[in-house]
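K.L.:
Heads up: the protein sequence lines correspond to chains A and B, in order.
Counting in this note's numbering, the first sequence tops out at residue 259, every number present.
Counting in this note's numbering, the second sequence tops out at residue 259, every number present.
Protein chains: 2
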Amino acid sequence: MARRGSYAKGVAKREEILDAALEVIAREGYRKTSVREIAAAVDLSQAGLLHHFASKDELFTEVLRHRDEVDTANASADPEARLIDTFPVVVRHNSAVPGLVQLYVSLSAEAPDPMHPAHKFFTERFDRFRGELAEEIQDGQREGEFNPDLDPELAANSLLALTDGLQTQWLLNPALDMASHLEATIDSWRSNPKS
Amino acid sequence: MARRGSYAKGVAKREEILDAALEVIAREGYRKTSVREIAAAVDLSQAGLLHHFASKDELFTEVLRHRDEVDTANASADPEARLIDTFPVVVRHNSAVPGLVQLYVSLSAEAPDPMHPAHKFFTERFDRFRGELAEEIQDGQREGEFNPDLDPELAANSLLALTDGLQTQWLLNPALDMASHLEATIDSWRSNPKS
DNA sequence: GTCTATATTCAGATAGAC
DNA sequence: GTCTATCTGAATATAGAC
């Protein structure tokens, strides 16, 4: 499978680092986490860790990308599942991982800088999700599930924005129920059968 | 008016610093802005500036608080105006001040840390706005303006979250029209007269 | 691939004079 | 209220050995 032992080892170490980084951030908070600390958690020196990643910012961005890939892989297990339905589920799941949410929110705040590795990541992420959601909404409109007055793209953006904003509020106040807010909004988009 | 010349001067300098800080952040981005840089913009040394503020984090938090106070004062000029109506207007206005939005998003990402001065600021801000918005929505429901099925508090939270999330997206892509997204959501809450 | 050691850079905070 | 000077403390990144 691995072309050489060292290649497989490099990949394994990389994943180990990504997992450890998430754990340290969860414990220490994003702002106070240094590369050194993450290195210590995987028994590497700081320099040893940076052999695997170009910079601290890239490392942190890769943690997010890795998590997205895991989530996407899980979702693909059921090809029937629509993004718009899994959204509240994923968010509910995130509630167990405040460190991940903190990382997401912090990096998205830094992403406007075009030089930051998170810039590309978030731009592409928004584009992909917006497109997919808008398509699902449009399909739903054709089948009478969603209100035909909705602007699909605008609704898709709004759902993404709502999700991000809820995460910020939830970090401040973990009693907030993110999933129920999302569900209420999505429900309000459904065609109302009672009129 | 001023009890002593020095008092008035101190207040004036404080405001000058807050304005300058915003301007520097707009130019340099939040992450790369140091207290030294802001000090230079108002012809002070770094130590001279920190005579007016306890720390960098407090300074930045005060910039936001100051801007909120200005906005609130403007809104009070018309006591008829509801928060829910002025929201899209303020957001439209913010589109002219990316630095402010960047600061807001960055600090809200750091606010989960209870030791950070922004923690108290954002907690109180959310509480205040949520309460006020929920009340306006309830009033609107009584008068038949808003859909009676809405949960006022949940809708209030959602509007705040949507606003925050749109700002994140807009920083990444300034072509996004935040105000129209907000208006579409608020409109969807109105009682539909055509049924 | 990993380490040690260090270069670099820089920041926020504080002491004490004026 | 403001300055100069300095402390203190980091943290990232890199060079070069093993």
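Every residue gets a Cβ at the ideal spot worked out from N, C-alpha and C, and that includes glycine.
Would you verify that the beta carbon of B:Thr136 is, or is not, closer than 8 Å to some beta carbon of chain A?
P.N.:
By one-based count along the second sequence, residue 136 of chain B stands at place 72. Closer than 8 Å: no.
K.L.:
Identify the continuous alpha helix (DSSP H) that holds A:Glu247 and give its terminal residues.
P.N.:
Mapped onto the first sequence, residue 247 of chain A falls at position 183. Its alpha helix (DSSP H) spans residues Met242 to Ser252.
K.L.:
Verify the CB distance criterion: does A:Phe186 have a CB-CB separation below 8 Å to chain B?
P.N.:
As a position in the first sequence, residue 186 of chain A is number 122, starting the count at 1. Cβ-Cβ to chain B under 8 Å: yes for A:Phe186.
K.L.:
So if DSSP puts B:Phe210 in a beta bridge, which residue, or which two residues, is it bridged to?
P.N.:
As a working note, residue 210 of chain B is residue 146 in the second sequence. Looking at the DSSP assignment, B:Phe210 forms a beta bridge with B:Arg254.
K.L.:
Cutting at 7 Å between CB atoms, please list the residues of its own chain near B:Gly195, excluding the five before and the five after it.
P.N.:
Residue 195 of chain B sits at position 131 when you count from the first residue of the second sequence. Closer than 7 Å at Cβ, skipping near neighbours: no residue.
K.L.:
Smallest Cα separation from B:Val161: which of B:Thr150, B:Ile89 and B:Ser119?
P.N.:
Counted from its first residue, the second sequence places residue 161 of chain B at position 97. Closest by alpha carbon: B:Ile89.
K.L.:
Out of B:Arg192, B:Gly229 and B:Thr125, state which residue places its alpha-carbon closest to the alpha-carbon of B:Leu147.
P.N.:
For this step, residue 147 of chain B is matched to residue 83 along the second sequence. Cα-wise, what sits closest to B:Leu147 is B:Arg192.
K.L.:
Three Cβ pairs or more, each shorter than 8 Å: is that satisfied between the segment 235-245 of chain A and the segment 216-225 of chain A?
P.N.:
Contact fails: fewer than three Cβ-Cβ distances are below 8 Å.
K.L.:
Which same chain residues end up closer than 8 Å to B:Gln166 when comparing Cβ atoms and leaving out the 5 residues on each side of it in sequence?
P.N.:
Here residue 166 of chain B refers to the residue found at position 102 of the second sequence. Cβ within range, chain order: Ile89, Ala90, Gly93, Tyr94 and Leu235.
K.L.:
Looking only at its own chain, which residues have a Cβ that is under 7 Å from the Cβ of A:Ser255, when we skip the five neighbours before and after it?
P.N.:
As a first step, residue 255 of chain A is located in the first sequence; it is residue number 191 there, counting from the start. So the qualifying residues of the chain are Gly208, Glu209, Phe210 and Asn211.
K.L.:
Could you spell out where the alpha helix (DSSP H) holding A:Gly229 opens and where it closes?
P.N.:
One-based indexing of the first sequence puts residue 229 of chain A at position 165. From DSSP, the alpha helix (DSSP H) with A:Gly229 extends over Pro216 to Leu236.
K.L.:
Measuring CB to CB, does A:Val180 end up less than 8 Å from A:Glu174?
P.N.:
The residue you call residue 180 of chain A lines up with position 116 of the first sequence. The residue you call residue 174 of chain A lines up with position 110 of the first sequence. Val is not the amino acid found at residue 180 of chain A; the sequence shown has His there. Their beta carbons are under 8 Å apart, which means A:His180 touches A:Glu174 by this criterion.
K.L.:
Is the Cβ-Cβ distance between B:Ala145 and B:Ala139 less than 8 Å?
P.N.:
As a first step, residue 145 of chain B is located in the second sequence; it is residue number 81 there, counting from the start. As a first step, residue 139 of chain B is located in the second sequence; it is residue number 75 there, counting from the start. Contact: yes.
K.L.:
Any C-beta of chain A sitting closer than 8 Å to the C-beta of B:Leu82?
P.N.:
The residue given as residue 82 of chain B occupies position 18 in the second sequence. No, no contact with chain A.
K.L.:
What's the gap between the Cα of A:Asp241 and the Cα of B:Trp253?
P.N.:
Your numbering for residue 241 of chain A matches position 177 in the first sequence. Your numbering for residue 253 of chain B matches position 189 in the second sequence. Approximately 21 Å between the Cα atoms of the pair.
K.L.:
Are the CB atoms of B:Leu82 and B:Val99 nearer to each other than 8 Å?
P.N.:
Position 18 of the second sequence, counting from 1, holds the residue named residue 82 of chain B. Position 35 of the second sequence, counting from 1, holds the residue named residue 99 of chain B. Not a contact, by the Cβ cut-off of 8 Å.
K.L.:
Assign B:Val169 to one of two classes, buried (16 or more other C-beta atoms within 10 Å of its C-beta) or exposed (fewer than that).
P.N.:
The residue given as residue 169 of chain B occupies position 105 in the second sequence. Classification of B:Val169: buried, given that the 10 Å Cβ count is 16 or more.
K.L.:
Counting only beta-carbon atoms, is B:His254 nearer than 8 Å to chain A?
P.N.:
As a first step, residue 254 of chain B is located in the second sequence; it is residue number 190 there, counting from the start. According to the sequence displayed, residue 254 of chain B carries Arg and not His. For B:Arg254, the answer is no, since every Cβ of chain A falls outside 8 Å of its Cβ.
K.L.:
Which same chain residues end up closer than 8 Å to A:Arg129 when comparing Cβ atoms and leaving out the 5 residues on each side of it in sequence?
P.N.:
Start at 1 with the first residue of the first sequence, and residue 129 of chain A comes out as number 65. The residues are Phe185.
K.L.:
Which residues, in chain order, does the segment 145-179 of chain A contribute to contact with chain B at a C-beta distance below 7 Å?
P.N.:
Correct list: Gln166, Val169, Ser170, Ser172, Ala173, Glu174, Ala175, Pro176 and Asp177.
K.L.:
Which bits of chain B does A:Ala112 rub up against, with CB to CB less than 7 Å?
P.N.:
Within the first sequence, the letter at position 48 stands for residue 112 of chain A. Position check: residue 112 of chain A holds Gly in this sequence, whereas Ala was assumed. Ordered by position in chain B, no residue passes the 7 Å Cβ test against A:Gly112, which lies about 27 Å from the chain.
K.L.:
Which of the three DSSP states is assigned to B:Arg95 in this structure?
P.N.:
Position 31 of the second sequence, counted from the start, is the residue given in the question as residue 95 of chain B. DSSP places B:Arg95 in coil when its eight states are reduced to three.
K.L.:
My guess is that B:Thr227 and B:Val155 are in contact by the Cβ rule of under 8 Å, so how many angstroms apart are they, rounded?
P.N.:
As a first step, residue 227 of chain B must be located in the second sequence, where it is residue number 163. As a first step, residue 155 of chain B must be located in the second sequence, where it is residue number 91. About 6 Å; that satisfies the 8 Å criterion.
K.L.:
Return no unless some Cβ of chain A is closer than 8 Å to the Cβ of B:His245.
P.N.:
Residue 245 of chain B sits at position 181 when you count from the first residue of the second sequence. Yes, its Cβ sits closer than 8 Å to a Cβ of chain A.
K.L.:
Within 10 angstroms of the Cβ of A:Ser244, are there 16 or more other Cβ atoms? Answer buried if so, exposed if not.
P.N.:
As a working note, residue 244 of chain A is residue 180 in the first sequence. A:Ser244 should be labelled exposed.
K.L.:
Considering Cα atoms alone, identify which of A:Asn158, A:Ala72 and A:Leu197 is closest to A:Glu217.
P.N.:
Numbered from its first residue, the first sequence carries residue 217 of chain A at position 153. That would be A:Leu197, whose Cα lies nearest to the Cα of A:Glu217.
K.L.:
Could you tell me if B:Val127 is buried or exposed, where buried requires 16 or more neighbouring beta carbons within 10 angstroms of its beta carbon?
P.N.:
Taking the second sequence and counting its residues from 1, one reaches residue 127 of chain B at position 63. It is buried - the Cβ of B:Val127 has at least 16 other Cβ atoms within 10 Å.
K.L.:
Inspect the beta-carbon positions of B:Leu171 and B:Ala182 and report whether they are closer than 8 Å.
P.N.:
The residue labelled residue 171 of chain B in the question sits at position 107 within the second sequence. The residue labelled residue 182 of chain B in the question sits at position 118 within the second sequence. A contact, by the Cβ cut-off of 8 Å.
K.L.:
Taking DSSP as the reference, what is the three-state secondary structure of B:Asp132?
P.N.:
Indexing the second sequence from 1 puts residue 132 of chain B at position 68. Three-state DSSP puts B:Asp132 in a helix.
K.L.:
What are the residues of the segment 222-252 of chain A that lie near chain B, defined by any Cβ-Cβ distance shorter than 8 Å?
P.N.:
Here the close residues are Ser222, Leu224, Ala225, Leu226, Thr227, Asp228, Gly229, Leu230, Thr232, Gln233, Leu235, Leu236, Asn237, Leu240, Ser244, His245, Ala248, Thr249 and Ser252.
K.L.:
Leaving out five residues on either side along the sequence, give the residues of the same chain with a beta carbon under 7 Å from the beta carbon of B:Gln202.
P.N.:
Reading the second sequence from its first residue, position 138 is the one you call residue 202 of chain B. So the qualifying residues of the chain are Pro216.
K.L.:
Mapping DSSP to helix, strand and coil, what is B:Leu82?
P.N.:
Along the second sequence, one-based indexing puts residue 82 of chain B at 18. Three-state result, B:Leu82: helix.
K.L.:
What are the start and end residues of the alpha helix (DSSP H) that includes A:Pro152?
P.N.:
In the first sequence, the residue the question calls residue 152 of chain A occupies position 88. Looking at the DSSP string, the run of the alpha helix (DSSP H) that includes A:Pro152 is Leu147 to Asn158.
K.L.:
For the alpha helix (DSSP H) that contains A:Val169, what are its first and last residues?
P.N.:
By 1-based counting over the first sequence, the position of residue 169 of chain A is 105. Pro162 to Glu174 is the extent of the alpha helix (DSSP H) around A:Val169.
K.L.:
Please return the same chain residues whose Cβ sits closer than 7 Å to the Cβ of B:Arg67, not counting the five positions on each side in sequence.
P.N.:
The residue given as residue 67 of chain B occupies position 3 in the second sequence. With a pLDDT of only 48 at B:Arg67, under 50, the local geometry of the prediction cannot be trusted, and the value read off the model is given with reservation. Hits under 7 Å: none found.
K.L.:
Determine, using beta carbons only, whether B:Pro152 and B:Leu246 come nearer to each other than 8 Å.
P.N.:
To locate residue 152 of chain B, count along the second sequence from 1; it is residue 88. To locate residue 246 of chain B, count along the second sequence from 1; it is residue 182. Yes, the Cβ-Cβ distance between B:Pro152 and B:Leu246 is below 8 Å.
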